[in-house]
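Chains R and V, in that order, are what the protein sequence lines are.
Under the numbering used here, the residue at position 50 of the first sequence is numbered 50, and the numbers go up by one with no gaps.
Under the numbering used here, the residue at position 305 of the second sequence is numbered 305, and the numbers go up by one with no gaps.
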Amino acid sequence: MKQSKLLVFFLFVFFSAKSQVNNGPRITAMGGAGVALQDVWAMQKNQAGIALLTKPIASLAYENKFLIKEIATKSAVFAIPVSKFVLGASFETYGVNAYKQTQTGLSLARAFSPKLLMAVTVNYHQLQINNYGNAKAFTAQVGVQYQALKNLWLGAHIANPNSSKYGESTDQIIPAHIQFGGSYTFSDKLIISTEFEKILDSQADFKTGIEYKIIKAFALRGGVSMNPFKQYAGFGLALENLLFDFGISSHPILGYSPQLSLGYEF
Amino acid sequence: MNFKLSSRITLVFVLCLSIGYSQTKKPVKTGNANYSQNADAIVEYIIESVAENLGEDFDYTEMVDRLNYYRKHPINLNKTSKEQLQELVFLNQVQINALLNHIQKNGKLINVLELQGITGFDLETIKNLLYFASINQPTGFENFSIKNMFARGNGDLLVRYQRGLEPQKGYQIPESSKASRYLGTPDRVFTRFRFNYNNNVQLSVNVEKDAGEQYWATTGKKGPDFVSGSLYLKDIRAFKKIVIGDFALQFGQGLTMWSGLSFGKGADIFTVARQDLGLRSYTSVNEFSFFRGFATQINMGRFDFTPFISSINIDASAVFNPISQTEDIGSIQQSGLHRTQSELNGKGRVNQFIYGGNLQYKTKRLAIGVIGYQSAYSEKFAPNDAPYSKYDFTGKQLSNVGIHYNYNIKNTYFYGEAAHSVGYGFAFVNGFISSLSPVVSVVAFHRNYQKNYQSYFNQAISENTFAKNEEGFYTGLQIKPSKKFELISYFDMFKFPWLKFGVDAPSGGFDVFSQFAYMPNKVTRFSLRYRIRDKEQNSPLSTNINFLEPYRRQNFRLEAQYQVNKSFTLRNRIEVMAFKEESDIQRYGFMAYQDVNYNPLSSKFSGNVRLTMFQTEGFDTRIYAYESDVLYGFSIPAYQNQGIRFYINGRYTLRRGVDFWIRYALTQYSNLTTIGSGLDEINGNQKSEIKLQARIQF
């Protein structure tokens, strides 16, 4: 069973080369619809979302893909305000011993007004396949968020617009995408967010998610994405400076991928 | 079969309009029996907004009866109960609980305007509610006496006649040919009698014959084809309900026991949380899924006990068992049609004997019920030996047990049911409804029905006929930022762990629905709807071994409704259906219609007309639309092929309590020379039908 799941996994995930960065449990639990959301995990989604952070925050996440023990994504994000800017750093490794992807990112984000946030990011990608060797590449990303109404944030994000590749020796693609969407705050308890995404040479996707804070320190989340049709859920716990989040996604064929993160606000 | 949604919007329009009207006329008072067609339109709207998954000819009488009753005898909100409010299908559990809590906390409602302050009560809900409820109506057996009963009781006699005007093949075959033919006449005749006293005594009788059936059966069981009746008594000391005759039972979420009407996924997302009504008298003419015998609900403080016993002969096809040399049950037949000799042979062939009970414990917030029953059949079930039937029920006897609950806390309502068929499998459903903010409400539920779960009276929410062999997770979202806008969406993902007919492997799929409505004023409404459904079935490319391929159905619908003047309302709909099998090209279906409703405030006449054009590429791209009909008549036809359909409905009120209806419908196909197949075949390209109905209330 595990063998066959692993095989299916390889077929679907590696060869379709759509492997994307992990957005962290909060945004994942909201269906990945995070292009107009703001927290430290925006580092992995739309970096403009870190521009309003006022304190340094670090967070670590561990995702288990499709409940297969061997396959995990480990991510770390960090953001720190420095005068008018917020600097962000991210690190992620993904795969099994025989196949490993690593991504390191640095972002520079700035709030040009309390309503307009922008960020640029440079990512360094490494791909390591046993017996085949290593490959490296740089990509760039640009993100913007704009508060159009009191309760409505709009966001847009472009990744790898020049379609950087690992080089001619490999077919592995670093996805180029455009995402845009909005998040609406209905009350201090409730946010609904949506996102449209188009990945180059792949299908378009629509995502939507909801976050509801039962009490100030505890939030429930849920979401869906349309292509393929996936459902998501999760929760978050904020205790003083400590942030704990859990998220799970359900793929129609491959099954569940749970993840959790632990963050600290300095 | 979920396309009936479509028609919903239609009614939505009607509703808005009617509300608009009555609002101008007399603000919020429901009043007694102002039997204008406006009232019917409200009821019709409600039906359309909850009925999505049922068959083309499903009979909603039970619900219409219930709503019409409350139109005439409004519920007293200050004396009402959860059970009673549940009967108003358009209220969801969060709203019901909020209302009851409000009354408990703040004392009796003094003015209906107070309703606006209750969580979850938007203006539309309040308007709907006030058609069926008020705050100072007398209720109960308070002044009961036999003399009163006849003086103050209401009788209601209704007769309907309908007939297709083109001759069908099944009626033209001579008796001498010995070939299969329709033994009766093409008329459908329905007679319905009700006697009501204050909702405490209710006598119902239905007599019906379908087209093709004999008026008076001469072979087999003699007499009219379908007779159903019941005597229903309410609130006699500890006996909250007593039914002698035909009854229906609805408990929990319908996994263990639910007969009669139920709703599935649709534009009213909150109906996925079933509101069980317990024991009811059975008043529909659907000739399946009801009981015949005796049942009662006894109240003992916080406990309610509902024992029931039933013995009924049901229709079943026969298969010969070569080993025991007896006849077994091939399949149960639900159509209730007994037109040919072979259909008549199956009529009431098998006896179904059922007894059991439901014990329920209730507090303000919590309800827990336990149900158990045993069913015995006079013959053995013998499903075919195809692999997809492997987990079907075999044998003569089955015991079912279940436990169901609901719990209300703050803005959230939790519900669920666990069911077990003894010796077979289990089934579970658990979910919640929550109003997250005054603008946003959500509903979500998880279901897991094992492949070998068995219950004949199982109507839990499912993609299949019965809730078995399915796992799924559903989430629904309603956003109403203001009176003018409304967004409704649901997302459902499901898996079928075992094979199904035409699906030779475990399969799965999803169903996503979204509807946006814009109501610039009380009498105008625009809506846009999109629905996409993916499932899998055997590929037509399969040769020796079947393999699966996905197929996708998408519906787009645009609808507009507006009022021209106080008497005329117009409505348009455009609907496109796209069907795509992976290995085939996309096929389309298209439908557009124009409605004209004439609904004057004070005239003895009212009516409506619709002209529809449709063009579909085959069966898979057929489009369903709810049509207006005579009172208690329902029609949700599937449009396919290419042509025009027209219908006209008229109603004439001779005087209070005496009404007549007429309906004529015509479909003309431009690409057919014969319509239908088998015994239903019509030679020609047009099909028409007439309905006449009269009702006397006394």
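Beta carbons: idealized from backbone N, C-alpha and C, even for Gly.
Computed from a predicted structure; not experimentally measured.
Just to confirm the assignment, what range does the alpha helix (DSSP H) spanning residue i have?
i, result
"Leu344(V)", "Gln341 to Gly346"
"Pro25(R)", "Gly24 to Ala29"
"Phe132(V)", "Leu123 to Phe132"
"Asn101(V)", "Gln93 to Asn106"
"Gln86(V)", "Lys82 to Gln86"
"Lys396(V)", "Premise fails: Lys396(V) lies in the beta strand (DSSP E), Gly395 to Ile409, not in any alpha helix (DSSP H)."
"Lys136(R)", "Note, Lys136(R): premise wrong, no alpha helix (DSSP H); beta strand (DSSP E) at Gly133 to Leu149."
"Lys213(R)", "No alpha helix (DSSP H) contains Lys213(R), which is instead part of the beta strand (DSSP E) from Ala204 to Ile215."
Going along the chain, which residues of its own chain have a beta-carbon closer than 6 Å to the beta-carbon of residue i, five neighbours each way excluded?
i, result
"Ala42(R)", "Gly49 and Ile50"
"Asn555(V)", "Arg531 and Met577"
"Leu200(R)", "Ala176"
"Phe90(V)", "Ile46 and Asn128"
"Gln275(V)", "Gln86"
"Thr121(R)", "Gln47, Gly105, Ser107 and Gln141"
"Phe290(V)", "Asp246, Ala248, Ser259 and Tyr282"
"Ala79(R)", "Val40, Ile50, Leu53, Ile57, Val86 and Gly88"
"Gln693(V)", "Arg160, Val630 and Trp661"
"Ala117(R)", "Just to set this straight, residue 117(R) is Leu in the shown sequence, not Ala. Only Ala48, Ala51, Ala111 and Gln145 meet the Cβ criterion."
"Arg292(V)", "Asp246, Ser310 and Ile312"
For residue i, count neighbouring Cβ atoms within 10 angstroms of its own Cβ and tell me buried if that reaches 16, exposed if not.
i, result
"Pro74(V)", "buried"
"Ser22(V)", "Its pLDDT being 34, under 50, Ser22(V) is placed unreliably by the model, and the measurement read from it follows with that caveat. The residue is buried, with at least 16 neighbouring Cβ atoms inside 10 Å."
"Thr326(V)", "exposed"
"Val13(R)", "Summary for Val13(R): the model assigns pLDDT 47, below 50, so the residue's position carries little reliability; its value from the coordinates is reported in the next sentence. Buried: at least 16 other Cβ atoms inside 10 Å."
"Trp153(R)", "buried"
"Tyr132(R)", "exposed"
"Gln101(R)", "buried"
"Pro25(R)", "buried"
"Asp385(V)", "exposed"
"Met63(V)", "buried"
"Ile210(R)", "buried"
"Ala238(V)", "exposed"
"Val422(V)", "exposed"
For residue i, which option in the options has the closest C-alpha, if you only look at C-alpha atoms?
i, options, result
"Gln231(R)", "Leu243(R), Ser257(R) and Lys216(R)", "Ser257(R)"
"Glu213(V)", "Glu343(V), Ser281(V) and Gln334(V)", "Glu343(V)"
"Asp304(V)", "Gln374(V), Tyr551(V) and Asp235(V)", "Asp235(V)"
"Glu208(V)", "Asn200(V), Gly164(V), Ser375(V) and Leu158(V)", "Leu158(V)"
"Phe235(R)", "Phe218(R), Phe66(R), Phe229(R) and Phe186(R)", "Phe218(R)"
"Gln95(V)", "Ser230(V), Phe121(V) and Tyr652(V)", "Phe121(V)"
"Ser677(V)", "Asn106(V), Lys169(V), Leu100(V) and Thr125(V)", "Lys169(V)"
"Met257(V)", "Gly357(V), Lys241(V), Gly348(V) and Thr296(V)", "Gly357(V)"
"Thr653(V)", "Ile675(V), Asp629(V), Gln697(V) and Thr667(V)", "Gln697(V)"
"Ser331(V)", "Lys566(V), Phe393(V), Asn101(V) and Asn538(V)", "Phe393(V)"
"Leu165(V)", "Leu183(V), Asp187(V) and Gln563(V)", "Asp187(V)"
"Lys82(V)", "Ala98(V), Val609(V), Asp268(V) and Leu672(V)", "Ala98(V)"
Please return the same chain residues whose Cβ sits closer than 7 Å to the Cβ of residue i, not counting the five positions on each side in sequence.
i, result
"Asp205(R)", "Glu197, Ser225, Met226 and Asn227"
"Ser378(V)", "Val350 and Asn351"
"Thr463(V)", "Per the sequence presented here, residue 463(V) reads as Glu, with Thr not at that position. If we look at Glu463(V) and ignore the five residues flanking it on each side, its Cβ neighbours are Glu470 and Phe494."
"Leu359(V)", "Phe303, Phe305, Gly369 and Val370"
"Leu114(R)", "Looking at the sequence provided, one finds Pro at residue 114(R) rather than Leu. So the list is empty, once near-sequence residues are dropped."
Have a look at the DSSP bridge pairing and note the partners of residue i.
i, result
"Tyr69(V)", "Note: Tyr69(V) sits in no beta bridge, so no partner."
"Arg710(V)", "Nothing can be reported for residue 710(V), as the shown portion of chain V is limited to 1 through 698."
"Arg365(V)", "DSSP lists no partner for Arg365(V)."
"Asp328(V)", "Val319(V)"
"Ser81(R)", "In the sequence as displayed, the identity of residue 81(R) is Pro instead of Ser. Its beta-bridge partners are Val86(R)."
"Trp64(R)", "Just to set this straight, residue 64(R) is Asn in the shown sequence, not Trp. In the DSSP output, where bridge partners are listed per residue, Asn64(R) has Ala72(R)."
"Glu575(V)", "Arg557(V) and Met591(V)"
Given residue i, which residues of its chain have a CB within under 8 Å of its CB, disregarding the five upstream and five downstream residues?
i, result
"Asn588(V)", "For the sequence presented, residue 588(V) should be read as Tyr rather than Asn. The answer, listed in chain order, is Val576, Met577, Ala578, Phe579, Thr616, Glu617 and Thr621."
"Pro387(V)", "Leu499 and Asp504"
"Gly657(V)", "Ile696, Gln697 and Phe698"
Measuring only from the beta carbon, is residue i closer than 7 Å to any heavy atom that is part of the ligand COA?
i, result
"Gly372(V)", "This structure does not include the ligand COA; it has no bound ligands of any sort."
Since residue i is in the beta strand (DSSP E), which residue starts that stretch and which ends it?
i, result
"Tyr530(V)", "Thr524 to Asn538"
"Gln172(V)", "Note, Gln172(V): premise wrong, no beta strand (DSSP E); alpha helix (DSSP H) at Lys169 to Gln172."
"Asn313(V)", "Phe303 to Ile314"
Contact criterion: CB-CB distance below 8 Å. Does residue i meet it with respect to chain A?
i, result
"Val224(R)", "This model lacks chain A altogether; the protein chains it does include are R and V."
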